[in-house]
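Written out below as structure tokens is the structure these notes cover.
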Amino acid sequence: MPPIPETAERRAALSHAITEETGLDTAAIEDFLRAFYGAAREDPLLGPAFAGVADWEAHIATLARFWGSVALMQGGYHGQPMQAHARLGLTPAHFARWLALFEAVARARLNPAGAAHMLERARRIARSLEMGLIPLPLPPRPEARPVPAG
Ligand code: HEM
Numbered sequence: 018m019p020p021i022p023e024t025a026e027r028r029a030a031l032s033h034a035i036t037e038e039t040g041l042d043t044a045a046i047e048d049f050l051r052a053f054y055g056a057a058r059e060d061p062l063l064g065p066a067f068a069g070v071a072d073w074e075a076h077i078a079t080l081a082r083f084w085g086s087v088a089l090m091q092g093g094y095h096g097q098p099m100q101a102h103a104r105l106g107l108t109p110a111h112f113a114r115w116l117a118l119f120e121a122v123a124r125a126r127l128n129p130a131g132a133a134h135m136l137e138r139a140r141r142i143a144r145s146l147e148m149g150l151i152p153l154p155l156p157p158r159p160e161a162r163p164v165p166a167g
């Protein structure tokens with residue numbers, strides 16, 4: 018079967034269908050992001066990790082492009098989230114808290130289909146970020162046996 022062409026028209030049609038099904042559009046996502054990051058900055062665990070963000074308007078604009086690509090199929094985000102988080106010293110507790118807050122704000126600000134759409138993607142991406150950033154402890158190495166001579 019020939020590949021389905023990845024055209025601007027096709028992306029626009031998909032984006033439109035998602036908006037119809039979920040109520041999510043650029044404005045709804047930006048409104049959600051402002052509420053979520055407003056709460057994240059106030060959170061005792063997450064707040065300190067965001068203290069180094071110098072320009073919040075620029076960060077919100079980057080995140081709006083990211084979520085436009087992830088949730089609305091708009092394209093337009095070309096960053097490297099793994100590298101952006103590499104030096105923050107994030108722990109499993111940070112990810113658990115981030116997801117709990119994301120879920121609470123999504124359920125409060127978006128309709129049920131929109132919240133479910135965002136949450137499914139947030140959980141998947143958080144999991145891959147967490148697995149990439151936080152190494153699992155290795156099992157203890159078995160005692161090395163001396164190589165027999167000869
Ligand atoms: C676990 C808790 C998390 C903390 C504390 C955190 C914090 C941060 C910080 C401090 C930045 C850098 C901002 C800057 O450039 O100044 C950042 C960037 C970003 N974060 Fe997170 N983050 C977390 C989890 C996540 C998750 C789960 C996602 C996605 C589902 C995400 C998506 C992004 C994106 C897209 C960027 C922009 C990367 C770029 O520069 O292109 N973050 N985050």
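Each residue of the sequence shown is one higher than the one before, starting from 18 at the first, in this note's numbering. Glycine residues also receive a C-beta, built at the ideal position from the N, C-alpha and C atoms.
Exercise. Which residue's Cα is closest to the Cα of His134: Arg28, Glu26, Ala45?
Worked result: Ala45
Exercise. Taking 8 Å as the line, does the beta carbon of Pro165 fall inside it for any heavy atom of the ligand HEM?
Worked result: no
Exercise. So, helix, strand or coil for Glu160, using DSSP?
Worked result: coil
Exercise. Under three-state DSSP, which class holds Thr36?
Worked result: helix
Exercise. Counting along the chain, where does the alpha helix (DSSP H) carrying Pro129 start and finish?
Worked result: 129-150
Exercise. Measuring CA to CA, which of Trp115, Ala30, Ala78 is closest to Asp60?
Worked result: Trp115
Problem set entry | DSSP state of Asp48 mapped onto helix, strand, coil | helix
For this session: Measuring alpha carbon to alpha carbon, tell me which of Ala113, Phe67, Ala29, Thr24 ends up nearest Leu146.
Result: Ala113
Exercise. Comparing the CB of Thr79 with every heavy atom of the ligand HEM, is any distance shorter than 8 Å?
Worked result: yes
Exercise. Quick one: Cα of Ala117 to Cα of Ala52, how far?
Worked result: 14 Å
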